[in-house]
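**Student:**
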Amino acid sequence: MSGHGLPVGTYGYDATDRAFLADRVDEFRDQVQRRLDGALSEDEFKPLRLMNGLYLQLHAYMLRVAIPYGTLSAIQLRGLAAVARRHDRGYAHFTTRQNIQFNWIRLEDAADILAELAVVDMHAIQTSGNCIRNVTSDEFAGAAADELVDPRVYAEILRQWSTLHPEFSFLPRKFKFAISGSPQDRVAARFHDIGIVARRDDAGRIGFGVHAGGGLGRTPAIGIPMREWLPEEELLAYMEAILRVYNAHGRRDNAYKSRIKILVQALGAEAFTRAVEDEFAAMPRHRFRLEPKTVAAIAARFGTPALEAPADAAAVLAADRAADPAFDHWVSTNTHPHRDPGHICVVLSLKPTGGIPGDASAAQMDAVADLAERYSHAEIRVSHLQNLAFGHVRRDRLRSLWQELAALGLASANAGLIGDIVCCPGLDYCTLANARSIPIAQRISDRFADAELQRRIGPLRINISGCINACGHHHAAGIGILGVDKKGEEFFQLTLGGTAESDVAIGQILGPSLPEAEAVVAIERLVETYLSLRTGEERFLDTYRRLGNRPFKEAVYAAA
Amino acid sequence: MLRLELEPGASAAWPEIADDAPLPDGDCILSFARLRAGGVPDRSGSGRLGVSLRIDEPVEALAGSIERLALVLLTVPAFRDGRVFTQARTLRERLDFAGEIRVAGPVLPDQAAFLERCGVSSLVLPANADEAVWRRANARMHTAYQPSVRDEPAGPGLKRRSEAASGG
Amino acid sequence: MDVRNSRRQDGRSSVITANSLRGGQVVWLGAGDPLGDGWRERIEQATPVPNDAIAKALDRAAAAEAARVVIGIYGVELDPDSPTPMPVTERERIRAAGPSVRTDLGPQACLAGGDQGAHR
Chain A
1 MSGHGLPVGT YGYDATDRAF LADRVDEFRD QVQRRLDGAL SEDEFKPLRL
51 MNGLYLQLHA YMLRVAIPYG TLSAIQLRGL AAVARRHDRG YAHFTTRQNI
101 QFNWIRLEDA ADILAELAVV DMHAIQTSGN CIRNVTSDEF AGAAADELVD
151 PRVYAEILRQ WSTLHPEFSF LPRKFKFAIS GSPQDRVAAR FHDIGIVARR
201 DDAGRIGFGV HAGGGLGRTP AIGIPMREWL PEEELLAYME AILRVYNAHG
251 RRDNAYKSRI KILVQALGAE AFTRAVEDEF AAMPRHRFRL EPKTVAAIAA
301 RFGTPALEAP ADAAAVLAAD RAADPAFDHW VSTNTHPHRD PGHICVVLSL
351 KPTGGIPGDA SAAQMDAVAD LAERYSHAEI RVSHLQNLAF GHVRRDRLRS
401 LWQELAALGL ASANAGLIGD IVCCPGLDYC TLANARSIPI AQRISDRFAD
451 AELQRRIGPL RINISGCINA CGHHHAAGIG ILGVDKKGEE FFQLTLGGTA
501 ESDVAIGQIL GPSLPEAEAV VAIERLVETY LSLRTGEERF LDTYRRLGNR
551 PFKEAVYAAA
Chain B
1001 MLRLELEPGA SAAWPEIADD APLPDGDCIL SFARLRAGGV PDRSGSGRLG
1051 VSLRIDEPVE ALAGSIERLA LVLLTVPAFR DGRVFTQART LRERLDFAGE
1101 IRVAGPVLPD QAAFLERCGV SSLVLPANAD EAVWRRANAR MHTAYQPSVR
1151 DEPAGPGLKR RSEAASGG
Chain C
2001 MDVRNSRRQD GRSSVITANS LRGGQVVWLG AGDPLGDGWR ERIEQATPVP
2051 NDAIAKALDR AAAAEAARVV IGIYGVELDP DSPTPMPVTE RERIRAAGPS
2101 VRTDLGPQAC LAGGDQGAHR
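Those sequence lines, one after another, are chains A, B and C.
So that you can map any letter, position 330 of the first sequence is 330 in this note's numbering, and since no number is skipped, the others follow by simple counting.
This note's numbering runs 1000 ahead of the 1-based position in the second sequence.
This note's numbering runs 2000 ahead of the 1-based position in the third sequence.
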C-alpha cells in the first residue's frame, strides 16, 4: 500500500530510533533495579518511573503507553493487545490524550513490557511526569476534507524534539501540546499549554498559529494568542523560547500554581508574550532552525495510502444508505468527509450502551487490527474523545465494515451524541480521584440508550471527571460532571456551556453538587428543558448561550 | 569531595570565599551577591575567579563580567528543580561563556547526561556516591534528538548524536 | 498518605494498608512479620488496631517501607457496624474489593473464584 514499505499514517522508525528505544529500556531496567536495591529512594525513583509512564494507582501499577498523535499501525495495536493479555487482565483503556493505559502492571514486569513494546516501535516515554507529554492531534489527520496541512509530520517533529530534551525534562509541571492542521479545531488547541494550528499562506507556505497558557484542571484557562503566523523554519526555536521562559519563571513552590497558564496569568498576556519574544530574539536561532530538508526527511518516513476507489463508490454508499436506515443513521453520526471523494473517515465507538468509556478488550483490539488491515491501510487512530477511527475507508465498502464492527460491539451510532460520553477512570482505578466517574457514565448511557432519542437531542457532549484534575475534560463539554468528595460520600457538580471546538468556552457551574442518583435525574431534566426550549435544530450549546443558565438551573433545583 | 568530569580538565577544587573574607591567592569562588555589589576584583596574577549562583539568581546578570570569570558554580536545591538546565544553557548560548560550569547539590546520576548536553562541565557528587553508577548512567543513551550546546553532527531528521555519527 | 484517611474516631479500629513495591497490589498488615509474611492481599486477613494505638502501630510498620517491602503505608478506619472488615470510605472499599465496575477483577473476584491473575 505504501510507496516504500513504510506503515501508512505512522512514522516509520529507522535503526537509530530503534537503538534509542533499546537504550531507554536498558536505562529503565537499571533504574528499577536501583530502586529494588535501595540505591534510589521512592522519592528519587518516582519522577524516573513517571517519565516512563509508570504510576502507582489504587490496585496496582498503571502503565500509560504513548500513542503519538493518536496514530497506530495494526501491528502496534496487536502488540498492545498482547501486553493486555500477557501482563494485564485482557483489556486496556484509551485516554483523553490519545494514549492507552494498562491497569494491573507489576513493577517487576515493567521493563520487560517496555522491551516488548519496543519490538513494535512503541514506548511510554514522557506519558507522565513534569515534562513535555505526548503531542496530541486530529484523529482525521491526513484524511479530512477540510485539512490544510497534515499535522502528523509536525507532531512527529515535536515528539522527537521533546523526547529526552536536555533542558526541559524537569519542568515545574507537566506540559501538553496539541496540533491541528484543519481550521475546524478537533484537538482542543486552546485548552493546551501550547496549541498549534498549522495553516498555509497565499503562496502555499506552511506556518503556524500558536496559543499558549490554556488548560483545564483546577484553573481552566483558554490559551492566549502568541503568534498568528510563525514560519515553519522557526517552529522549534519559538517552542524553545516559550519553554525556556516557563522553565525559568514558572512557580515551583505550589503544584497547583505551577502550570504555564498560571505564569501567563501572573505576568499578564502582554508581559508573558514580551518575555517569550525577548528570549526568541536573543537566542541563537540558527541552531534551532527547522530546515526544509529536515521536514522532508521526517515526512518521508510516513507511508502514504494509495487511494483507489471505484468510480461508483459514492453511489454505492448512497444506495446502501437508502436501503438500510440503521446504517444510514450510523453513517450520519460516525463518519467524516474524506479529501478523496471515494473514501470516508470512520469513528469506531468505544461507547457501547452502559459500557465503560474508552475500554477495549484484547480481543477487540486484535479484531480492530484485522479490520484496519482489510479496510483502512492497516492504520488506526485514537481520538481524544476516547474512540477509535479509521482514516481511509472506501465508500463502497463502508456497509460491510459497519456490519463487522456491529458484531464486535463497536458500531454504536453515537459519535458526538449524548451517548458518546468522555470519562476518566475515576475512583474505580485512580488514586487521585474523589468519586467514581464510570458508574454515573454508565447510568446516563443506559438512560439515553434509545438511538432515536439520542438523534433527537443532537450534538451534546457529556464529559465526566472524578476529580478537579479534570482528565475527563468536564469544563470542555456542553454538560460537564465533576465528582467531589463530601465527608467520604460521592457527589457530582454540574457545569454547562463548555466546548473545546472553535467556539471554545469554559463550562460554568450550575449549582450545588448532587448525589449520584439525583445527578442522573438532573441530566434528564437538563435535556428535557433543552428539548422544550430549543428553536428548530438549535444545538444544546446554542440554546444555553441564548437563554443562559436560569431555565436549566430552575429545572434542576426548583423541584428539589 | 568527589567530582564527575563531563569534559576533560574540569577537576580542580576551588575554595568558596565568604562574603566578608579577604580574597586569598589562587583560584577562588565568590558569591553572586558579592560580585554584584563590588564588581569583578582585579586578580592580575593572583589566580582565577569563579562565581557561585543560587538557583533563583539570574545568570544573564553576569553578561558584563563573564569574560573575566573562569568558573560558574550552580547549586541545585532539589533534583526536581530543572532551572539549572536553563541556567547552564543560557551561560553557553547567550553569554558565550567558555569557562567551566560546575553543578553542586542533589542531582541524580540519571540527570548527568542532560546536564552535560546543556553545557555543564563537572558535577560535585554527593558524599558516598558510587562513581561507577554515575559513569554508567551518563553513558547510557547514545542517541539524542535535539541539538545540545556541544557541537554534534546533525543526522537524518532531527537526530543529532548517535553512535554512528560520533564514531563511538 | 491519603489525607482522607487521617480522620479517625475514638473507639473505632483501623487496619494498616500499603501497596507491594514489586507487584503494586494492595496489601493489608496481618499477623506476622511486617518485613516478611505479614502483608496479605485480603482485608479479612488484616489485624484491626484500636484507633488510639494506630499511630504507634504505623510507626512500627514503617520499617517495611524502608526495607522496600511495601510502599505508601497508612491506616484505614473500619466501619464498626460491619460484621466483616469494611473501610468507612468508598475509596478504601474499592481498594479492598477491586473496581466496582469490574467485579470480575481484584480480591472481590477471588471470592467468586475468578481473576486468577491476582494470585500471580
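Note that the Cβ used here is the ideal one computed from N, Cα and C, for glycine as well.
These figures come from a predicted structure and were not determined experimentally.
#1: Let's test the definition: count the other Cβ atoms within 10 Å of the Cβ of Asn103/A and tell me whether it reaches 16, buried, or not, exposed.
#2: Near Met365/A, what residues of its chain come up, given a Cβ to Cβ distance below 8 Å and the 5 sequence neighbours on each side ignored?
#3: Please decide whether Gly3/A counts as near chain B, where near means a Cβ-Cβ distance under 9 Å.
#4: Name the residues in the region 266-281 of chain A whose C-beta lies less than 8 Å from a C-beta of chain C; which are they?
#5: Provide the residue(s) that pair with Val2076/C in DSSP beta bridges, ordered along the chain.
#6: Mapping the DSSP letters down to three states, classify Cys2110/C as helix, strand or coil.
#7: Which bits of chain A does Thr2089/C rub up against, with CB to CB less than 8 Å?
#8: To the nearest angstrom, how far is the alpha carbon of Asp583/A from that of Glu379/A?
#9: Exposed or buried, what is Arg2102/C when buried is set at 16 or more other beta-carbons lying within 10 Å of its beta-carbon?
#10: Which one of Ala115/A, Leu72/A, Val8/A and Arg64/A has the shortest CA to CA distance from Phe20/A?
#11: Identify which residue in Arg397/A, Asp201/A and Arg259/A has its Cα closest to the Cα of Asp312/A.
#12: Output yes or no for whether 9 Å exceeds the beta carbon distance between Val197/A and Ile179/A.
#13: Does the region 413-420 of chain A come close enough to the region 448-459 of chain A to have 3 or more Cβ pairs within less than 8 Å?
#14: Strictly under 9 Å for the Cβ-Cβ distance: is Gly2117/C near chain A by that measure?
#15: Report the residue ranges of all beta strand (DSSP E) runs contained in full by the region 324-397 of chain A; include only those spanning at least 3 residues, in chain order.
#16: Mark His286/A as exposed unless 16 or more other C-beta atoms lie within 10 angstroms of its C-beta, in which case mark it buried.
#17: Below 8 Å on C-beta distance, what does Cys1118/B contact in chain A?
#18: Can you give me, in chain order, the residues of the region 2033-2050 of chain C that have a beta carbon less than 7 Å from any beta carbon in chain A?
#19: Using a Cβ-Cβ distance cut-off of 9 Å, determine whether Thr561/A contacts chain B.
#20: Excluding the 5 residues flanking Asp1019/B on each side, which residues of the same chain have their C-beta closer than 6 Å to its C-beta?
#21: Which whole-angstrom value describes the C-beta separation of Ala60/A and Gly2024/C, a residue pair presumed to lie in contact below a C-beta threshold of 8 Å?
#22: Are the C-beta of Asp428/A and some C-beta of chain C separated by less than 9 Å?
#23: Should Tyr256/A go down as buried or exposed, given a rule of 16 or more other Cβ atoms within 10 Å for buried?
#24: Just checking my contact of Ser361/A with Glu139/A at CB under 8 Å: how many whole Å lie between their CB atoms?
#25: Which residue or residues does DSSP assign as beta-bridge partners of Thr499/A?
#26: Is there a Cβ of chain A sitting closer than 9 Å to that of Ile2054/C, yes or no?
#27: So that I know if they touch, is there some Cβ in chain C lying closer than 9 Å to that of Leu515/A?
#28: If you measure from the beta carbon of Leu1006/B to each beta carbon in chain A, is any gap under 9 Å?
#29: Reducing DSSP to helix, strand and coil, say where His211/A ends up.
#30: Which residues bound the beta strand (DSSP E) around Gly483/A?
#31: Is there a Cβ of chain D sitting closer than 9 Å to that of Gln2009/C, yes or no?
#32: State the Cα-Cα distance for the pair Pro183/A and Arg321/A, rounded to the nearest angstrom.
#33: Can you look up Met226/A in the DSSP assignment and give me helix, strand or coil?
#34: Looking at Glu240/A and Glu291/A, is the spacing between their C-beta atoms short of 9 Å?
#35: Just how far apart, CA to CA, sit Thr431/A and Arg443/A?
#36: Of the residues that make up the region 23-42 of chain A, which ones have a beta carbon closer than 9 Å to any beta carbon in chain C?
**Tutor:** So, from the listed chains and residues:
#1: buried
#2: Leu77, Arg78, Leu80, Ala81, Ala84 and Ala92
#3: Note that Gly3/A scores 45 on pLDDT, short of 50, meaning its location in the model is unreliable and no value can be drawn from it.
#4: none
#5: Val2015/C
#6: helix
#7: Residues of chain A whose Cβ lies closer than 8 Å to the Cβ of Thr2089/C are, in chain order, Gly488.
#8: Because residue 583/A is not part of the residues shown, which for chain A are 1 to 560, the question remains open.
#9: With 16 or more Cβ atoms within 10 Å of its Cβ, Arg2102/C is classed as buried.
#10: For Phe20/A, the nearest C-alpha among the options comes from Ala115/A.
#11: Arg397/A
#12: yes
#13: yes
#14: Only weak support exists for where Gly2117/C lies, its pLDDT of 46 falling under 50; the value from the coordinates is given anyway. Yes, its Cβ sits closer than 9 Å to a Cβ of chain A.
#15: 335-337, 343-348, 359-361, 379-382 and 388-394
#16: The C-beta of His286/A has fewer than 16 other C-beta atoms within 10 Å across all chains shown, which makes the residue exposed.
#17: Pro166 and Glu167
#18: So the list is empty, because no residue satisfies the distance condition.
#19: Residue 561/A lies beyond the range of chain A shown here (1 to 560); nothing can be said about it.
#20: Short of 6 Å from the beta carbon of Asp1019/B, and not among the five residues preceding or following it, lie these beta carbons of its own chain, in chain order: Ser1031 and Arg1034.
#21: About 4 Å separates the beta carbon of Ala60/A from that of Gly2024/C, a gap short enough to meet the 8 Å contact definition.
#22: yes
#23: Tyr256/A should be labelled exposed.
#24: At roughly 21 Å, the Cβ-Cβ gap does not stay under 8 Å, so Ser361/A and Glu139/A are not in contact.
#25: Ala505/A
#26: no
#27: The amino acid occupying residue 515/A in the given sequence is Pro; Leu does not appear at that position. Chain C, which has no Cβ nearer than 9 Å to the Cβ of Pro515/A, makes this no.
#28: no
#29: Three-state DSSP puts His211/A in a strand.
#30: Ile479 to Lys486
#31: No chain D appears in the structure shown, which is made up of the protein chains A, B and C.
#32: 29 Å
#33: Judged by DSSP in its simplified three-state form, Met226/A adopts strand.
#34: no
#35: 23 Å
#36: Arg35, Leu36, Asp37, Gly38 and Glu42
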